[in-house]
Amino acid sequence: MIHNITDIPRRVRMNRRRFRAVTAAAVTLAAVAMFGSAGQVVAEPATAAAADFYLPPNPLPAGNSGDLIRSEPFRPLGGSPLAALVPAASATRIMYLSSDTVGAPVAVTGTILEPTATWSGSGPRPLVSYTFGTIGAGDNCAPSKLIADGITIDGAGTPMPNLYILDVVSLLARGITVVVTDYEGLGTPGAHTYLQPVPEAHAVLDATRAAIRFGAATPHAPVGIWGYSQGGSAAGGAAQLARSYAPDLNLAGTVVGAPPANVASTLSNLDGKALTDAIGFFLNGLLASHPEFTDAVTTMLNSTGIDFLHRTATECDVNALLHAYQPTSSLTVSGRPITDELQANSAIRAVLDSFNLGTPAPADPVLLAQNINDDVTPAADTYALENAWRGAGADVTVAHLDTPPLLPQLGAAGHAAGLLLDNPTAVQWLIDRFNH
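Residue numbers (my numbering): 51 to 486.
Right, here's the structure in full:
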């Protein structure tokens with residue numbers, strides 16, 4: 051069943067006045083997260099014990115996907131006064147078993163946040179598995195570290211703030227328990243499998259299982275999944291695989307915001323814009339999951355391209371923005387864009403195609419949200435995904451986040467606007483699903 055957000059009386063397209071108000075509020079929150087009080091960094095330095103937490107045991111313990119390996123409590127935002135902005139009764143760092151692209155066991159870390167607020171809806175307190183969007187590829191970009199510290203420092207020495215705290219706080223304030231995966235290779239050893247829906251989906255679904263096994267939610271509590279950008283890819287992949295991979299979860303619905311539904315298309319759209327370095331995040335993840343492509347990829351890159359590959363392996367978004375607007379044609383031997391080079395190799399092209407969302411269709415309701423003026427993930431790809439899921443019988447509600455065009459299409463403003471505008475609609479839609 052397909053629902054258009056404009057057909058539901060309580061949902062309206064975002065007008066310009068509301069857009070300005072939401073943007074102002076979000077900019078204020080982002081400034082607080084980045085600079086703290088009186089211009090001071092919020093976070094306490096990470097302890098050695100916290101760093102050791104991210105090293106998995108070798109060998110991994112026997113068990114099932116979603117089983118806890120270890121856990122420890124922590125204080126959000128380094129225990130600073132700004133921690134009051136995160137209405138969590140408890141915060142727990144977790145490591146749990148998941149599975150990689152080929153189904154081999156892997157350790158993944160994440161965070162469980164239990165709210166101080168009472169759940170006022172029907173039934174047991176729900177659990178939302180929130181999936182962060184693009185934050186980088188280095189271990190210090192891990193969501194659990196950003197939640198714990200407020201700001202982390204990437205491999206280049208550049209500070210990285212938590213850009214997704216607004217969504218997490220919005221859920222906690224409504225009495226909803228939240229679990230956040232770090233994804234494979236963020237925080238833990240190995241490369242991050244960026245924009246690969248299968249390992250991302252496994253990490254999301256297994257984080258949800260881990261939260262339930264930890265006792266943060268009852269086994270039959272309603273579960274929601276919500277993500278934007280890279281998080282939309284992960285949420286979409288989880289929605290597609292939930293029925294087959296995690297039938298034990300009581301999935302009520304999934305919010306898929308601005309997903310990179312067609313990976314090659316998204317990478318091409320990023321090229322030469324604000325977050326060109328995300329192409330490096332993707333390449334490093336591709337070589338980790340498919341090492342057979344190492345020679346093909348490294349020989350297509352010139353010396354500057356090889357440096358690009360190494361630099362992006364440990365950086366977070368802010369440092370990536372310091373290298374914005376470099377076309378990847380300057381990084382290849384041929385002078386062609388990296389995505390064109392990848393697609394010219396039939397084996398690599400087949401793998402790229404396998405990273406696209408579309409099949410199998412989700413078995414549970416989905417809210418698909420997209421800013422029509424998004425300058426990172428093409429709106430046309432999201433609407434093609436809608437048609438694919440709808441054609442397979444999925445229950446899809448579409449939220450058209452219709453904002454005014456924001457400056458030239460530089461690869462930042464239109465995408466960020468969608469993240470801000472997605473929040474109130476996503477939260478209410480999930481609550482409606484939990485009360486259904």
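Every residue, glycine too, gets a C-beta built ideally from N, C-alpha and C.
Hey, out of VAL416, ASP424, PRO428, THR427, whose CA is closest to TRP439's CA? VAL416
Mark VAL229 as exposed unless 16 or more other C-beta atoms lie within 10 angstroms of its C-beta, in which case mark it buried.
-> buried
*asked:* Relative to the C-alpha of VAL219, which candidate in THR364, GLY274, LEU135 has its C-alpha closest?
replied: LEU135
Are the beta-carbon atoms belonging to ALA267 and THR227 less than 8 Å from one another? yes
Tell me the DSSP bridge mates of GLU164? SER140
GLY89 burial status per 10 Å Cβ neighbour count (16 or more: buried): Only weak support exists for where GLY89 lies, its pLDDT of 29 falling under 50; the coordinates are left without a value.
Quick one: what does DSSP say GLN280 is sitting in, helix, strand or coil? helix
Tell me which same chain residues have a C-beta within less than 6 Å of the C-beta of ALA71, skipping the five on either side of it?
For ALA71, the predicted structure reports a pLDDT of 41, less than 50, and the residue's modelled location is therefore unreliable. The matter cannot be settled from this model.
| message | By DSSP's criteria, GLY265 is part of a beta bridge. Which residues make up the other side? | response | Note: GLY265 sits in no beta bridge, so no partner.
*Distance between LEU336 and ASN300 (C-alpha atoms, nearest Å)*: 32 Å
Got a sec, what are the start and stop residues for the alpha helix (DSSP H) ALA324 sits in?
First-last for ALA324: undefined, no H or E at that position.
Can you find the residues in the same chain that come closer than 8 Å, C-beta to C-beta, to LEU325, ignoring five residues on each side of it along the sequence?
THR184, ASP367, ALA370, LEU371, ALA374, VAL426, GLY461, ALA462
**Prompt:** Below 8 Å between beta carbons: does that hold for VAL254 and ALA285?
**Reply:** yes
Exercise for the section: Take the Cβ of SER194 as the centre, count every other Cβ of all protein chains shown within 10 Å, and call the residue buried at 16 or more, exposed below. Expected result: buried
- Got a sec? Which residues, its chain only, sit under 6 Å from GLY113 by beta carbon, not counting five neighbours each side? LEU147
C-alpha distance - PRO95 paired with ILE197, whole-angstrom precision:
In this prediction, PRO95 scores a pLDDT of 37, lower than 50, which makes its location untrustworthy; the coordinate-derived value is nonetheless stated afterwards. Roughly 13 Å between the two C-alpha positions.
So for ARG120, helix, strand or coil by DSSP? strand
- How would you write the range of the alpha helix (DSSP H) that ALA198 sits in, first residue to last? 193-199
Quiz item: When DSSP labels each residue in this structure, what does TYR295 get in the three-state scheme?
Solution: helix
Exercise for review: Kindly confirm or deny that the region 343-356 and the region 309-327 touch, where touching means at least three C-beta pairs closer than 8 Å.
Suggested key: no
Mind checking which residues open and close the alpha helix (DSSP H) that includes VAL347? 344-350
I need the straight-line Cα distance from LEU435 to ARG483, nearest angstrom please. 22 Å
*Give a yes or no on whether the C-beta atoms belonging to ALA138 and THR159 are separated by under 8 Å.*
no
Please identify the residue among PRO412, HIS450, ALA308, PRO176 whose C-alpha is closest to the C-alpha of GLY443.
PRO412
Review point. How far does the alpha helix (DSSP H) with ALA223 in it reach, from first residue to last?
Key: 215-223
Cβ neighbour criterion (16 or more within 10 Å) applied to GLU365:
buried
Near THR378, what residues of its chain come up, given a Cβ to Cβ distance below 7 Å and the 5 sequence neighbours on each side ignored? ASP321, THR326, ILE329, PRO387, ILE388
Discussion item. By the three-class DSSP mapping on this structure, what secondary structure does THR258 have?
Written reply: helix
* Asked: Rounded to whole angstroms, how far is the Cβ of ARG224 from the Cβ of ALA167, which I believe are closer than 8 Å?
  -> 7 Å
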